[in-house]
Amino acid sequence: MRNYRWQLLALVIAAGLFFVVLLLRSTSSPTPTPDISPPPTTEASAVTPTEIPPSPTAASIVIATPLPMPTGQSGVPTFTEALIGQVQRLNPVFANLNPVDRDITSLIFEGLVAIDEYGQPVPRLAKSWTVSSDGREYVFELRDDVLWQDGIPFTASDVAYTMAILRASDFPGDEALG
4 MRNYRWQLLA LVIAAGLFFV VLLLRSTSSP TPTPDISPPP TTEASAVTPT
54 EIPPSPTAAS IVIATPLPMP TGQSGVPTFT EALIGQVQRL NPVFANLNPV
104 DRDITSLIFE GLVAIDEYGQ PVPRLAKSWT VSSDGREYVF ELRDDVLWQD
154 GIPFTASDVA YTMAILRASD FPGDEALG
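Following the numbering used here from start to finish, the sequence shown increments by one per residue and tops out at 181.
This is the structure:
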């Protein structure tokens, strides 16, 4: 019963405010009406015919040339990605904590596998993989042609390090990742 009284009181207050606003709008100064008088008449000027411009020819049509792709200081083509928000971490391990981080790291880093448009895993940093019959063990064969930015080869130790971070008890991300 008390809840009903609060709803009724809120409805009465809202209706009262509506009528106050309506009353204030009706008593405010009216907007001036525009003067709709005919424009002054002047003598009619003589109409002179104009020439029809000639049709464009193939020689007169200018074809725009495409602009060159923007390049950075090194002359390498650049790519600009617009995002709403701020980057907090450029670490793929923590990327799921912030959507902007996730979007940026997906452009920079690759995983062992990715999911294609059909929801199937496809190779990325791994060439192939096998899954044990009980589904508890995955064995990945890594690509040999992957290097870090400093030229050091990508190895199984790098994957083990990442998995250790994900499994750490103080990992601040989603527990399902470890």
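The beta carbon of each residue, even a glycine, is placed where N, CA and C say it ideally should be.
Could you check the C-alpha separation between residue i and residue j for me, to the nearest Å?
| i | j | result |
| --- | --- | --- |
| residue 15 | residue 21 | 10 Å |
| residue 151 | residue 168 | 19 Å |
| residue 112 | residue 68 | 35 Å |
| residue 96 | residue 86 | 20 Å |
| residue 175 | residue 27 | 56 Å |
| residue 161 | residue 139 | 21 Å |
| residue 109 | residue 24 | 52 Å |
| residue 159 | residue 147 | 11 Å |
| residue 54 | residue 77 | 55 Å |
Using the Cβ count rule (16 or more neighbours within 10 Å means buried), how would you classify residue i?
| i | result |
| --- | --- |
| residue 98 | buried |
| residue 155 | exposed |
| residue 83 | exposed |
| residue 107 | buried |
Which stretch, first to last residue, makes up the alpha helix (DSSP H) that contains residue i?
| i | result |
| --- | --- |
| residue 107 | 102-111 |
Less than 6 Å between C-beta atoms, sequence neighbours within five positions excluded: which residues of the same chain meet that for residue i?
| i | result |
| --- | --- |
| residue 88 | 103 |
| residue 91 | 101 and 104 |
| residue 157 | 149 |
| residue 143 | 115, 129 and 132 |
Could you name the residues of the same chain whose beta carbon sits closer than 8 Å to that of residue i, not counting the 5 residues immediately before and after it, in chain order?
| i | result |
| --- | --- |
| residue 119 | 125 |
Go to residue i, then tell me how far its beta strand (DSSP E) extends in each direction, as first and last residue.
| i | result |
| --- | --- |
| residue 131 | 129-134 |
| residue 142 | 141-145 |
| residue 162 | Per DSSP, residue 162 belongs to no beta strand (DSSP E); it is in the alpha helix (DSSP H), 159-170. |
| residue 124 | 124-126 |
What is the DSSP secondary structure of residue i, counted as helix, strand or coil?
| i | result |
| --- | --- |
| residue 117 | strand |
| residue 150 | strand |
| residue 156 | strand |
| residue 80 | strand |
| residue 94 | coil |
| residue 27 | helix |
8 Å is my cut-off, CB to CB: does residue i come that close to chain D?
| i | result |
| --- | --- |
| residue 96 | The structure shown contains no chain D, having only a single protein chain. |
For residue i, which residues in the same chain have their Cβ closer than 7 Å to its Cβ, ignoring the five residues on either side in sequence?
| i | result |
| --- | --- |
| residue 165 | 96 |
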